[in-house]
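Student: Take a look at this one; I'll ask things after.
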Amino acid sequence: MNSLQSFLAVAPVKPAAAAARLPSSRRARVSACLATPAPAPTTPAAAASARRELSAASRAVMADEAKYIVGTYKRAQVVFVAGRGCKLYDIDEREYLDMAAGIAVNALGHGDPDVDAAAADQRGRLVHASNVGYTVPQVELAKRLVEASFADRAFFANSGTEANEAAIKFARKYQRVAHPNGDAPTEFMSFTNCFHGRTIGSLALTSKVQYREPFEPVMPGSTFVEYGNLEEAKKVIQSGKIAAVFVEPVQGEGGIHSATKEFLQGLRDACDEAGALLVFDEVQCGLGRTGYLWAHEVYGVVPDIMTLAKPLANGLPIGVALVTEKVAAAINYGDHGTTFGGGPFVCHAALATLDKIQKPGFLAEVTKKGEYFKQLLKTKLSGNPHVKEIRGAGLIVGIELDVPAGPLVDACLNAGVFLLTAGKGNVVRLVPALIVSEKELEQAAEVIRECLPALEASTS
Amino acid sequence: SRAVMADEAKYIVGTYKRAQVVFVAGRGCKLYDIDEREYLDMAAGIAVNALGHGDPDVDAAAADQRGRLVHASNVGYTVPQVELAKRLVEASFADRAFFANSGTEANEAAIKFARKYQRVAHPNGDAPTEFMSFTNCFHGRTIGSLALTSKVQYREPFEPVMPGSTFVEYGNLEEAKKVIQSGKIAAVFVEPVQGEGGIHSATKEFLQGLRDACDEAGALLVFDEVQCGLGRTGYLWAHEVYGVVPDIMTLAKPLANGLPIGVALVTEKVAAAINYGDHGTTFGGGPFVCHAALATLDKIQKPGFLAEVTKKGEYFKQLLKTKLSGNPHVKEIRGAGLIVGIELDVPAGPLVDACLNAGVFLLTAGKGNVVRLVPALIVSEKELEQAAEVIRECLPALEASTS
Chain A
104 MNSLQSFLAV
114 APVKPAAAAA
124 RLPSSRRARV
134 SACLATPAPA
144 PTTPAAAASA
154 RRELSAASRA
164 VMADEAKYIV
174 GTYKRAQVVF
184 VAGRGCKLYD
194 IDEREYLDMA
204 AGIAVNALGH
214 GDPDVDAAAA
224 DQRGRLVHAS
234 NVGYTVPQVE
244 LAKRLVEASF
254 ADRAFFANSG
264 TEANEAAIKF
274 ARKYQRVAHP
284 NGDAPTEFMS
294 FTNCFHGRTI
304 GSLALTSKVQ
314 YREPFEPVMP
324 GSTFVEYGNL
334 EEAKKVIQSG
344 KIAAVFVEPV
354 QGEGGIHSAT
364 KEFLQGLRDA
374 CDEAGALLVF
384 DEVQCGLGRT
394 GYLWAHEVYG
404 VVPDIMTLAK
414 PLANGLPIGV
424 ALVTEKVAAA
434 INYGDHGTTF
444 GGGPFVCHAA
454 LATLDKIQKP
464 GFLAEVTKKG
474 EYFKQLLKTK
484 LSGNPHVKEI
494 RGAGLIVGIE
504 LDVPAGPLVD
514 ACLNAGVFLL
524 TAGKGNVVRL
534 VPALIVSEKE
544 LEQAAEVIRE
554 CLPALEASTS
Chain B
28 SRAVMADEAK
38 YIVGTYKRAQ
48 VVFVAGRGCK
58 LYDIDEREYL
68 DMAAGIAVNA
78 LGHGDPDVDA
88 AAADQRGRLV
98 HASNVGYTVP
108 QVELAKRLVE
118 ASFADRAFFA
128 NSGTEANEAA
138 IKFARKYQRV
148 AHPNGDAPTE
158 FMSFTNCFHG
168 RTIGSLALTS
178 KVQYREPFEP
188 VMPGSTFVEY
198 GNLEEAKKVI
208 QSGKIAAVFV
218 EPVQGEGGIH
228 SATKEFLQGL
238 RDACDEAGAL
248 LVFDEVQCGL
258 GRTGYLWAHE
268 VYGVVPDIMT
278 LAKPLANGLP
288 IGVALVTEKV
298 AAAINYGDHG
308 TTFGGGPFVC
318 HAALATLDKI
328 QKPGFLAEVT
338 KKGEYFKQLL
348 KTKLSGNPHV
358 KEIRGAGLIV
368 GIELDVPAGP
378 LVDACLNAGV
388 FLLTAGKGNV
398 VRLVPALIVS
408 EKELEQAAEV
418 IRECLPALEA
428 STS
């Protein structure tokens with residue numbers, strides 16, 4: 104019995120519709136135990152060209168989703184039921200190379216044994232007690248994050264959008280305290296192609312009009328400036344109306360665009376002069392994704408607030424706003440809060456996650472693998488006329504096309520590689536677990552290359 | 028203890044004036060502090076640990092799912108969220124679910140769904156966009172939910188928040204109708220039982236009146252059952268006892284017995300207005316959290332469970348009335364099921380502190396003069412007797428502070 108079957112036998116998939124037996128035609132695709140080298144995939148051309156059949160079990164789940172879930176997600180046609188490392192398994196036990204990591208969340212891959220052990224450990228002690236009293240893991244986590252960053256204090260929340268909402272409130276309160284005579288700046292500046300979240304405050308700062316327009320009026324006081332346009336940004340900051348500037352050092356959703364040092368330093372200087380706060384949203388690019396613990400490290404520019412979320416607890420809902428003492432001093436009891444945020448279970452899992460990311464050598468490996476991957480992609484893909492640019496930092500990599508990436512993403516899914524899009528839908532976004540192996544990166548690059556013809560089929 | 032408190036004071040943004048206790052473990056309705064002292068937990072993490080700490084079945088389900096898949100995002104499909112959505116839909120008025128990570132996120136979803144619904148219902152540009160909510164309400168701390176939360180001190184330092192909120196006195200149907208009839212209201216947000224606000228239960232007349240006014244005006248009715256839902260009142264949904272049905276219901280707190288989760292349950296009418304891309308979340312609806320929620324629901328929905336909650340709630344109120352009513356500071360004992368409030372005519376702080384010292388952990392509500400009791404729904408009668416007795420014994424703490 105191969106390890107996948109034994110793995111599923113130990114943790115059986117519950118739904119009644121789940122197929123218990125693999126059709127013989129699919130057996131070849133199931134990879135062997137992770138402890139031994141994976142066999143070569145089935146003929147990639149055959150894999151890419153053969154339509155991946157959706158079983159009755161898949162279709163049942165999809166039908167239920169279409170019936171019982173509010174239709175906000177146009178989903179990839181795959182039902183994931185299990186994961187291990189950088190592999191995901193669908194309801195028919197097909198294996199996929201996971202180049203999405205839950206949208207840059209599963210930094211240590213699925214089922215990291217140390218995070219799992221820490222989580223089980225804490226679950227046996229205390230999962231949640233609220234912030235009415237004290238609990239230990241959040242204090243340890245705050246200390247760890249503070250000691251590893253520019254920050255002096257942490258506020259824990261449950262998601263990236265909640266972390267940004269905290270940053271919004273802290274910035275407004277800071278300005279109110281700094282301007283007791285009533286002329287406190289209350290507005291925010293953010294950038295084109297940015298993404299800060301979907302709740303009303305974060306949404307107001309998120310540039311994509313289609314995300315905001317149906318829900319107007321959202322929080323007032325947002326200005327959007329072209330990402331990278333320091334001159335425009337300075338003009339806005341110098342108006343004196345800006346409470347804070349929100350910027351992603353590397354824009355993820357927006358298309359994998361990295362800031363320049365000049366841009367970030369220019370923002371820092373302009374904010375300092377005007378008394379505005381600088382907020383770095385590292386929800387996607389932070390915590391090792393770029394090969395540095397913090398994406399801003401490589402620029403040598405330090406913010407007043409940094410928001411994190413996604414990979415912090417390797418899959419559990421968490422967010423944090425890290426702030427300087429200057430900002431924290433303006434915040435009083437009762438100004439903000441959360442029931443779940445900072446809970447012992449989630450924070451203990453986050454500590455275990457940080458243990459690994461902060462291990463000596465881990466980040467250097469991310470940098471090395473990121474460089475290797477970009478090189479591989481450039482070598483394999485640059486011949487194709489639709490491939491405009493391959494860019495990124497560490498293991499957040501984008502392939503910009505001159506056509507919608509959808510058909511390529513679908514073809515890759517059929518060929519057993521799960522990846523994302525970004526930007527206006529023409530950028531392939533690759534954000535694998537930071538523990539991805541070079542072999543897996545080679546596999547991903549090769550499959551992407553082989554699937555490129557899918558772009559022709561759609562444009563012909 | 029002091030080391031932890033000192034570190035908290037140094038490394039955590041100072042938003043919480045915390046009770047002087049460091050909790051490190053829990054089991055059932057007992058919490059244990061760093062010095063291994065035991066406390067009777069009458070707070071349940073603010074009505075979150077409905078099945079108590081360390082429920083073996085929820086823990087087993089969580090461990091089970093953790094071995095399979097914890098998180099994969101909503102880019103593809105995962106099974107537990109679909110099963111959970113189906114379970115919630117089949118057990119309620121709703122037709123569909125949107126999963127999020129907290130109560131405030133659930134209410135933010137409700138806000139967005141309401142605005143989009145109105146926009147679709149009024150394609151000619153005169154869609155109502157405003158919201159009405161009530162005095163002493165609480166809907167959350169993120170900017171949208173915050174705009175609907177009445178307490179001025181929560182909102183004022185952060186203005187301008189989302190525009191378009193009107194607050195009406197909770198229970199004042201006449202005022203509420205006037206506002207709804209203005210035609211500017213996209214949705215009305217109301218808690219059938221106000222928790223943070225002081226344990227105030229709506230009347231059937233009030234909720235029915237809101238329902239009728241909303242129907243007439245085309246406004247949506249949103250029931251925030253983040254604290255009072257999922258069995259807390261002795262009914263699966265607090266609104267069941269009133270026989271009034273909303274267009275949207277938000278839940279969170281106890282749904283996954285301690286893991287971060289929120290959900291907005293909506294009717295098909297509302298869902299039909301929502302398109303791909305309108306809203307989203309990375310973590311929300313994750314398999315680990317949803318699987319734990321299913322295990323939690325398994326227990327809450329077990330035949331007899333809710334009847335026990337009602338019975339215990341009645342017993343507890345009776346106990347409290349018997350033991351406490353003699354005290355002149357005790358103005359009223361009220362509540363539904365296992366959300367119980369003791370209204371005092373003085374700040375409850377000294378009583379809460381004295382109870383903590385005596386090994387009973389409880390909360391406040393309202394303007395700080397209401398003792399809020401929201402134990403795990405599995406609390407035993409013996410534990411309720413203990414709580415009531417300790418509260419009685421600690422009442423003199425109120426004198427010490429007022430003398």
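Quick note, the sequences are listed as chains A and B, same order. Throughout, the numbering used here is defined as the position within the first sequence, counted from one, plus 103. Throughout, the numbering used here is defined as the position within the second sequence, counted from one, plus 27. The beta carbon of each residue, even a glycine, is placed where N, CA and C say it ideally should be. Note that this is a predicted model, so its numbers are computed, not measured.
(1) Count the CB pairs spanning the stretch 483–502 of chain A and the stretch 350–359 of chain A that are closer than 8 Å, and state whether there are at least three.
(2) Are the stretch 109–119 of chain B and the stretch 331–343 of chain B touching by the rule of at least three beta carbon pairs closer than 8 Å?
(3) Would you call the stretch 196–206 of chain A and the stretch 517–524 of chain A in contact, with 3 or more CB pairs under 8 Å?
(4) Strictly below 9 Å CB to CB, what residues from chain B border LYS190 of chain A?
(5) Could you name the residues of the same chain whose beta carbon sits closer than 7 Å to that of GLU335 of chain A, not counting the 5 residues immediately before and after it, in chain order?
(6) Of all Cβ atoms in chain B, is any one closer than 7 Å to the Cβ of SER233 of chain A?
(7) Taking the Cβ atom as the reference point for each residue, do ALA73 of chain B and THR442 of chain A lie within a distance shorter than 7 Å?
(8) What in chain B is Cβ-close to GLU168 of chain A, meaning under 7 Å?
(9) Which of the three DSSP states is assigned to ILE206 of chain A in this structure?
(10) For GLU179 of chain A, which residues in chain B fall below 7 Å Cβ to Cβ?
(11) Are any of the Cβ atoms in chain B nearer than 7 Å to that of TYR176 of chain A?
(12) In angstroms, rounded to a whole number, what distance separates the CA positions of ALA91 of chain B and VAL469 of chain A?
(13) ALA415 of chain B and LEU321 of chain B look like a contact to me (Cβ under 8 Å); what is the Cβ gap, rounded to whole Å?
(14) Does the stretch 257–276 of chain B come close enough to the stretch 221–233 of chain B that 3 or more CB-CB pairs lie under 8 Å?
(15) Can you tell me whether GLU416 of chain B is helix, strand or coil according to DSSP?
(16) Which class does ASP372 of chain B belong to by DSSP, given the choice of helix, strand or coil?
(17) Is it buried or exposed, ASP195 of chain A, if we count other Cβ atoms within 10 angstroms and call 16 or more buried?
(18) Report yes or no: do the stretch 185–203 of chain B and the stretch 47–57 of chain B share at least 3 C-beta pairs separated by less than 8 Å?
(19) Between VAL40 of chain B and ALA240 of chain B, what straight-line distance do the alpha-carbon atoms span, to the nearest angstrom?
(20) Determine the chain B residues that contact LYS276 of chain A at a beta-carbon separation under 7 Å, and present them in chain order.
(21) Shorter than 7 Å from the beta carbon of GLY285 of chain B to some beta carbon of chain A?
(22) Could you have a look at SER228 of chain B and say whether DSSP puts it in helix, strand or coil?
(23) Any chance you could list the beta strand (DSSP E) runs of at least 3 consecutive residues sitting entirely within the stretch 196–242 of chain A, in chain order?
(24) So who's on the other strand from PHE216 of chain B, going by DSSP bridges?
(25) By the criterion of Cβ-Cβ separation under 7 Å, what are the contact partners of SER361 of chain A in chain B?
(26) With 7 Å set as the bound, which would you pick, yes or no: does the beta-carbon of ASP505 of chain A sit closer than that to a beta-carbon of chain B?
(27) Measure the CB-CB distance between ALA207 of chain A and LYS413 of chain A and report whether it falls below 7 Å.
(28) Does the Cβ of ALA427 of chain B have 16 or more other Cβ atoms within 10 Å, making it buried, or fewer, making it exposed?
(29) Decide yes or no for the touch test of the stretch 291–300 of chain A against the stretch 309–323 of chain A: beta carbon pairs closer than 8 Å, at least 3 of them.
(30) LYS477 of chain A lies in the alpha helix (DSSP H); which residues open and close that run?
(31) Three or more C-beta pairs closer than 8 Å, one from the stretch 220–227 of chain B and one from the stretch 381–399 of chain B: is that the case here?
(32) Evaluate ARG64 of chain B with the Cβ neighbour count: other Cβ atoms within 10 Å of its Cβ, from every protein chain shown; 16 or more gives buried, anything less gives exposed.
(33) Using 7 Å as the limit for Cβ to Cβ distance, is TYR199 of chain A near chain B?
(34) Under the three-state reduction of DSSP, which class applies to THR349 of chain B: helix, strand or coil?
(35) In this structure, does DSSP put GLN354 of chain A in helix, strand or coil?
(36) Is the beta carbon of GLY422 of chain A less than 7 Å from the beta carbon of ALA266 of chain A?
Tutor: By the coordinates alone:
(1) yes
(2) no
(3) yes
(4) Under the 9 Å cutoff, chain B gives no residues; its nearest Cβ is about 11 Å from LYS190 of chain A.
(5) VAL328 and GLU329
(6) yes
(7) In the sequence under discussion, the amino acid at residue 73 of chain B is Ile, which differs from the Ala named in the question. A contact, by the Cβ cut-off of 7 Å.
(8) TYR104 and VAL109
(9) DSSP places ILE206 of chain A within a helical segment (H, G or I) once states are collapsed to three.
(10) Looking at the sequence provided, one finds Ala at residue 179 of chain A rather than Glu. Those are VAL102 and GLY103, listed as they occur along chain B.
(11) With its beta carbon less than 7 Å from one in chain B, TYR176 of chain A belongs to the interface.
(12) For clarity, residue 91 of chain B is Asp in the given sequence; the question names Ala instead. Cα to Cα, the separation comes out at about 31 Å.
(13) Separation of the CB atoms of ALA415 of chain B and LEU321 of chain B is rounded to 34 Å, and the pair is thereby denied contact status at 8 Å.
(14) yes
(15) helix
(16) coil
(17) buried
(18) no
(19) 43 Å
(20) PRO184 and PHE185
(21) yes
(22) strand
(23) Taking only runs of at least 3 residues, the beta strand (DSSP E) segments lying wholly in the stretch 196–242 of chain A are 198–201.
(24) B:VAL249
(25) Simply none; closest approach about 21 Å.
(26) Taking Cβ atoms only, chain B never reaches closer than 7 Å to ASP505 of chain A, which makes this a no.
(27) Between ALA207 of chain A and LYS413 of chain A, the C-beta spacing is below 7 Å.
(28) exposed
(29) yes
(30) 465–484
(31) yes
(32) exposed
(33) no
(34) It is helical.
(35) strand
(36) yes
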